[in-house]
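Worksheet: the structure to be examined is printed underneath.
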Amino acid sequence: MAASIKPLSGGQFMSPEKPQLLCRLDGHTDTVNQVVLIGDADDLAVISVSDDRTIRVWARRDTGQYWPSVCHTMPSLASAMDYDPQLRRLFVAMDNGSITEFELADDLNKITYRRSYIAHQQRVTSMKFSPVTEWLISAGKDKYFQWHCTETGRRLGAFLGSAWCTTVALDQASRHAFVGDYSGEITMLKLTETSYQPVTTLKGHSGSVQSLLWDERRRLLISGGFDQIIIVWDIGGGKGTAYELSGHRARITGLALYSASSLLSVSEDSTLVVWDVAAQRQETPEWTTRDCCERCARPFFWNVRGMFDQKQVGSRQHHCRRCGRALCDACSENRSTLPRLGFEFPVRICNECHLHISDGDREPLAKFHDLKAPVTAMSLSAESKTMVTIGTDRSIKIWDLSKVL
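Residue numbers (our numbering): 400 to 804.
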């Protein structure tokens with residue numbers, strides 16, 4: 400994916416193509432936790448849930464403006480939701496740990512109560528409904544991951560994690576669930592009607608996992624965390640490979656797939672990034688740890704014996720992002736972008752690697768777009784090329800991405 404970019408102050412790179420702001424929705428009186436776009440390209444609507452305890456369905460009027468057609472108050476803070484557009488089933492989770500299921504009317508003017516699930520003992524942080532299995536999976540601050548049968552309302556099973564569960568994803572075909580937690584780990588579980596089988600634990604994030612996205616077509620798991628990194632895990636390939644995407648300056652708050660080649664990410668750094676995930680990429684090398692620089696043998700500052708033998712002050716340990724070697728500052732003074740390794744901004748590389756990097760290796764594989772304000776969550780309608788975002792100021796914004804995608 401070709402990218403035309405220009406440098407801006409602060410070291411960021413922004414594309415000249417800009418998302419067009421279509422509408423701003425205001426009305427919530429507390430933090431907005433999640434939004435979802437529903438409807439077709441000609442008749443889009445927005446559902447939002449907030450800590451002000453309300454569920455709001457924003458329908459577009461003849462004037463082109465959006466106004467709430469439904470404003471339903473929950474008994475507790477509304478913390479998360481999921482919506483199935485085919486079945487018109489809306490699931491809303493709350494701060495008290497329970498989940499309520501509604502049915503949204505065709506005219507968007509009414510939601511009808513169907514069932515309640517007494518799922519967690521603390522705030523529900525994330526959930527997903529699977530129409531294939533008729534399961535509702537959920538995660539909460541009580542460290543539990545649970546799944547319920549939506550036909551009977553019965554709890555099928557539960558898994559106790561080692562930290563707050565923050566986000567979930569589900570492979571409906573194989574019935575594998577992925578649970579991200581506050582410690583930065585992702586637990587993969589094989590679910591059945593009555594139990595679970597732990598498969599593996601994915602460790603790569605140094606901060607809590609905020610977003611999980613499952614790519615059914617290529618069987619990839621995509622995760623975004625508070626460490627400002629996106630990791631693409633090859634689950635279906637069986638090779639156990641993973642590569643990183645580094646382009647944000649603050650924690651990742653939302654991920655969405657537009658096509659087989661385009662991944663969208665938003666962050667609290669006010670930036671929308673469109674990643675070319677179809678490009679040939681390389682795994683980020685493991686960083687080595689040594690007592691001396693691997694190029695000049697200068698001791699690092701903790702190597703007291705080495706400093707005494709060489710009669711020199713130790714240096715700080717750095718790492719080349721291309722080869723992963725442990726180096727001193729003098730042997731890694733060059734900087735370069737490495738898009739194939741996921742580094743869209745200049746990073747530290749060693750002097751040897753600097754000689755082998757060509758202009759083609761620096762070809763950008765992502766586009767950056769300024770959203771002017773921090774984003775805490777997002778939802779994408781790929782058909783209409785429309786995105787809705789939540790800001791830290793409680794505002795909901797609808798964007799036209801036709802010039803971006």
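Cβ atoms here follow ideal geometry from the backbone N, Cα and C, with glycine treated the same way.
Here the structure is a predicted model, which is why all the values come from computation and not from measurement.
State the DSSP-derived secondary structure class of S515, mapped to helix, strand or coil. Three-state result, S515: strand.
Taking C-alpha atoms, which residue in C691, V608 and Q709 lies nearest to W701? Ranking the options by Cα distance to W701, first place goes to C691.
When you compare each of S449, A444, P763 and L421 to T791 by their alpha carbons, which one comes out closest? For T791, the nearest C-alpha among the options comes from S449.
Using 7 Å as the threshold, is the C-beta distance between T524 and A538 below it? Going by C-beta atoms, T524 is nearer than 7 Å to A538.
DSSP has W457 in a bridge; who is on the other side? Its beta-bridge partners are V445 and P467.
Measure the C-alpha to C-alpha separation of V531 and K766 and round it to an integer number of angstroms. Within the model, the alpha-carbon separation for V531 versus K766 is close to 35 Å.
Under 7 Å between C-beta atoms of Y543 and L555: In this structure, L555 does not lie closer than 7 Å to Y543 by Cβ.
Please classify N495: does DSSP put it in a helix, a strand, or coil? N495: coil per DSSP, three-state reduction.
Length of the line joining the Cα atoms of D494 and Q596: If you take the alpha carbons of D494 and Q596, they lie about 28 Å apart.
Going straight from the alpha carbon of W782 to that of G624, what length do you get? Sequence inspection shows Glu at residue 782; the Trp mentioned does not correspond to that position. The alpha-carbon atoms of E782 and G624 are separated by roughly 27 Å.
Residue burial classification, E743 (beta-carbon count within 10 angstroms, cutoff 16): Taking a 10 Å sphere around the C-beta of E743, we find 16 or more other C-beta atoms and assign the residue as buried.
If you measure between the beta carbons of S515 and T499, is that distance less than 7 Å? Yes, the pair counts as a contact, with Cβ atoms nearer than the cut-off.
Which residues in the same chain as H753 place their Cβ atom closer than 8 Å to its Cβ, once the five residues preceding and following it in sequence are excluded? If we look at H753 and ignore the five residues flanking it on each side, its Cβ neighbours are N733 and S735.
Assuming V469 and R455 are in contact, meaning their beta carbons sit under 8 Å apart, how far apart are those beta carbons, in whole angstroms? Contact between V469 and R455 holds, since their C-beta atoms are separated by about 7 Å, short of 8 Å.
Extent of the continuous beta strand (DSSP E) to which H575 belongs: It spans H575 to D580 - the beta strand (DSSP E) in which H575 sits, taken as one unbroken run.
So the alpha helix (DSSP H) I708 belongs to, where does it begin and stop? Reading the sequence as shown, one finds Asp at residue 708 and not Ile. Where D708 is concerned, the enclosing alpha helix (DSSP H) stretches over V703 to Q709.
Going by beta carbon distance, what residues of the same chain come within less than 8 Å of R648, once the five residues before and after it are set aside? So the qualifying residues of the chain are Q411, Q627, S666, D668 and T670.
Tell me, please, which residues DSSP counts as bridged to G713. G713 pairs with nothing; no bridge assigned.
Tell me, to the nearest whole angstrom, how far the beta carbon of W798 is from that of P418; I am working on the premise that it is less than 8 Å. With a Cβ gap of about 4 Å, W798 and P418 count as contacting.
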